[in-house]
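Each residue of the sequence shown is one higher than the last, beginning at 104 in this note's numbering. We treat Cβ as the ideally placed atom computed from N, Cα and C, and that holds for glycine. All values reported here derive from a predicted model rather than from experimental measurement.
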Amino acid sequence: MAKFHLVDFAAHYQKGFRNHVVPIHDVPALVDSFKRYGCYATYFFFSDELLTYMSAQSDNHPPSISGYEGKVWAPYLPIDVDHPELRPAQEAGSRLVDFLLAQWAIDPNALQVYFSGSKGFHLLLDTRVFGRILPSRNLPIIFDSLRRHLAQEIPESLRQTVDLSIKDRVRLLRLPNTQHEKSNLYKIIVSPTELKGLSADQIFQLAQQPRPLALTDQTGFLSSVQVAANPAASALFLRVRRQAAKLTRKPFI
């Protein structure tokens, strides 16, 4: 979606941390400028409407994206699984990967799995598996519902590892191959086989340095491969979108 190309970039050492809206293509250079330390971006993409929203704010306060309720778009649906001991998050992530690849039979190129650099994993599901996704004000609600549906596909004892708090449209996601501020480990790509078979210590060892990304650009948001729509994923998305439309429909006056 050419019009939806803006993200909010944030970095640990950036002045003000947030509210630095830039084109997604500018993010790799910014990450390098902050030496890959504590860098984030919104996973929802914005149009120029966000800049208008920020410009209309009071001159007495710095412009902020907080409270923005306009349309957004996203190339990936992120699913965050974490646990202080890592192993339960690893098991939950592996179960979700198995469901998506075996039960839904999605294109393997549609799924990116990352160790977060601390206590969990980020599963990024290419939204092209859902068909053609248009920008919408309801997309954060739809994404939240999709996560809740997918969480039901893993054992009940593991469902609490799925973070259901990342549902607002200005939520940040740690960028790949950037260093976690507390653990000093990197957020790195891992294969489904590594997710299932490696120990926590082995994953921590891998995360001592960045790993190359084969299927996306450096941001992890722009895919370099073709991904086909998936019938099961498309059916769920359509059902959830209809439910969200009913819940958010304004009464006729």
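| Check | Outcome |
| --- | --- |
| With DSSP run on the structure shown, which of helix, strand or coil describes L189? | coil |
| Determine which residues share a DSSP beta bridge with S239 and list them. | V175 |
| DSSP three-state call for R277: helix, strand or coil? | strand |
| Does the count of Cβ pairs from the stretch 201–217 and the stretch 225–233 closer than 8 angstroms reach three? | yes |
| Smallest Cα separation from F120: which of P126, A159, A105 and T145? | T145 |
| Thinking just about the alpha-carbon of each residue, which of V134, D183 and F246 is nearest to the one in T322? | V134 |
| Buried or exposed: which applies to E172, given that a residue is buried once 16 or more other Cβ atoms fall within 10 Å of its Cβ? | exposed |
| For L237, tell me which candidate among A177, K138 and L275 has the shortest Cα-Cα distance. | A177 |
| Three Cβ pairs or more, each shorter than 8 angstroms: is that satisfied between the stretch 259–268 and the stretch 325–339? | no |
| For L298, name the three-state secondary structure that DSSP assigns. | helix |
| I want to know whether the stretch 161–170 touches the stretch 181–191 - three or more CB-CB distances under 8 angstroms. | no |
| Label T319 either buried or exposed according to how many other C-beta atoms from any shown protein chain fall within 10 Å of its C-beta, with 16 as the threshold for buried. | buried |
| Is the stretch 240–252 in contact with the stretch 329–347, if contact means three or more CB pairs nearer than 8 angstroms? | yes |
| Do the stretch 333–342 and the stretch 203–211 touch if we need at least three Cβ pairs shorter than 8 angstroms? | yes |
| Write down the C-beta distance between S150 and F107 rounded to the nearest angstrom, noting that I regard them as a contact closer than 8 angstroms. | 5 angstroms |
| At the level of alpha carbons, what is the spacing between E94 and N280? | It is not possible to answer for residue 94, since the shown part of the chain is limited to 104 through 356. |
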